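The sequence shown begins at 1006 in my numbering and counts up one residue at a time.
Below: one structure, written as structure tokens.
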Amino acid sequence: MIPRPLVARGGAIARGGLTKLRPTTTTTLLPTTHLRPFTSTPTALKKANKSPPPKTPLPHHTPPTPTTASTNPPFDYDDHFTSLTKQIQTLHQTLQTNLTKLRTTQSSSTATPLAQLEHLPVILDKTADPPTTAPLRDLAHITPKSGRSLLITLYESANAKRVISAIQKADLNMQPIQDPTNALVLTVPLPPPTKEGREKMGEMVVKTGEKARNELKLLRAASHKLIKGLKNERPDDVRKADQRLEKIVKAEDDEMKKVVEAVKKAVLEA
């Protein structure tokens, strides 16, 4: 093999003729822009368009509702008990009025005797056959008088003796008295009440008292329910208010008992 002449850079043959060639290493650099690194990782393929699973919506958060204590003013205990006291006073006055009416009825006891006298027949003419009569209400005006008596005002003085005789014979336990200054006026004292009548009146007094006390219990129950329903008030305040209620109701109940017992005693001893 014939050795090739040494070629200098630029293509010229080196001086000295042929010389022994020394192996050289030539490195060729490529532009970095065209370099493509070698990798064993396969080319990424385009993934399928998979939509993410729907997310479960979180529950809607509702802000806490303000409590009643933050929006309502504190309960006015004094105002409540002032109103309750007024109702109790009205109830007590009603009891007193009803008991007074019973005492008045007993003291006068004019209802039944007055009705009896109004329908009492009075003989006007004995010679007639049959005798001519007329009810007392057609001959006079009858009204209750102070105390236990009735007042009869005649329309004609000529009927005075006839009316007196009719009352005396009627077995009513009444004795009319003619006014000495006025012949038209008769006073009829009423007999005292019988034992049975007094006992019956006593029972009416007791029933009247029981009715008032039952109404007091209803007031107490309504107030107790209201106080116990105050959930936003301090437990100690609620407890004190309930004790205050019991004290007020007990005082009134004791007072009602005393009033009823006093009237009952007076009625039975009349």
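For each residue, glycine too, the CB sits at the ideal point set by N, CA and C.
The structure presented is a predicted model; accordingly, all values stated were derived computationally and were not measured.
Checklist line | Minimum C-alpha distance to aspartate 1176 - residue among Lys1166, Pro1118 and Arg1225 | finding: Nearest of Lys1166, Pro1118 and Arg1225 to aspartate 1176, Cα basis: Pro1118.
Check: Does the Cβ-Cβ distance between valine 1264 and leucine 1129 come in under 8 Å?
Finding: No.
Notebook entry, point to check: With a cut-off of 8 Å, do at least 3 Cβ pairs link the stretch 1253-1270 to the stretch 1207-1217?
Noted result: yes
Item checked: Touch test, the stretch 1153-1160 against the stretch 1183-1190, Cβ-Cβ under 8 Å, three pairs minimum -> yes
Check: Count the other CB atoms within 10 Å of the CB of glutamate 1201; is the residue buried (16 or more) or exposed (fewer)?
Finding: exposed
Item checked: Contact the stretch 1144-1154 vs the stretch 1162-1174: 3+ CB pairs below 8 Å -> Proximity of the stretch 1144-1154 to the stretch 1162-1174 meets the contact definition, three or more beta-carbon pairs being nearer than 8 Å.
Check: Roughly how many angstroms lie between the CA atoms of glutamate 1238 and phenylalanine 1080, to the nearest whole one?
Finding: 7 Å
Check: What are the uninterrupted segments assigned as alpha helix (DSSP H) that are 4 or more residues long and contained completely in the stretch 1151-1217, given in chain order?
Finding: 1165-1174
Check: Closest to leucine 1223 by CA distance: which of Asn1077, Thr1087 and Leu1096 is it?
Finding: Measuring C-alpha to C-alpha distances from leucine 1223 to each of Asn1077, Thr1087 and Leu1096 identifies Leu1096 as the nearest.
Margin query: Going by DSSP, what residue range makes up the alpha helix (DSSP H) through alanine 1256?
Written below: For alanine 1256, the uninterrupted alpha helix (DSSP H) segment begins and ends at 1240-1274.
Item checked: For aspartate 1130, the residue or residues it bridges with in DSSP -> Thr1137
Margin query: For proline 1197 and lysine 1255, I'd like the C-alpha separation in whole angstroms.
Written below: 38 Å
Item checked: 8 Å Cβ cutoff met for valine 1243 and leucine 1235 -> yes
Next item on the list: State buried or exposed for glutamate 1260, treating a residue as buried only when at least 16 other CB atoms are found within 10 Å of its CB.
Entry: exposed
Margin query: Looking at the strands, I want to know which residues DSSP matches up with proline 1149.
Written below: Leu1155
Checklist line | Separation of glutamate 1274 from glutamate 1220, as counted between CA atoms | finding: 29 Å
Check: Which residue from Leu1250, Glu1257 and Arg1203 puts its Cα closest to that of leucine 1107?
Finding: Arg1203
Item checked: Beta-carbon proximity list for lysine 1262, same chain, < 6 Å, skipping 5 on both sides -> none
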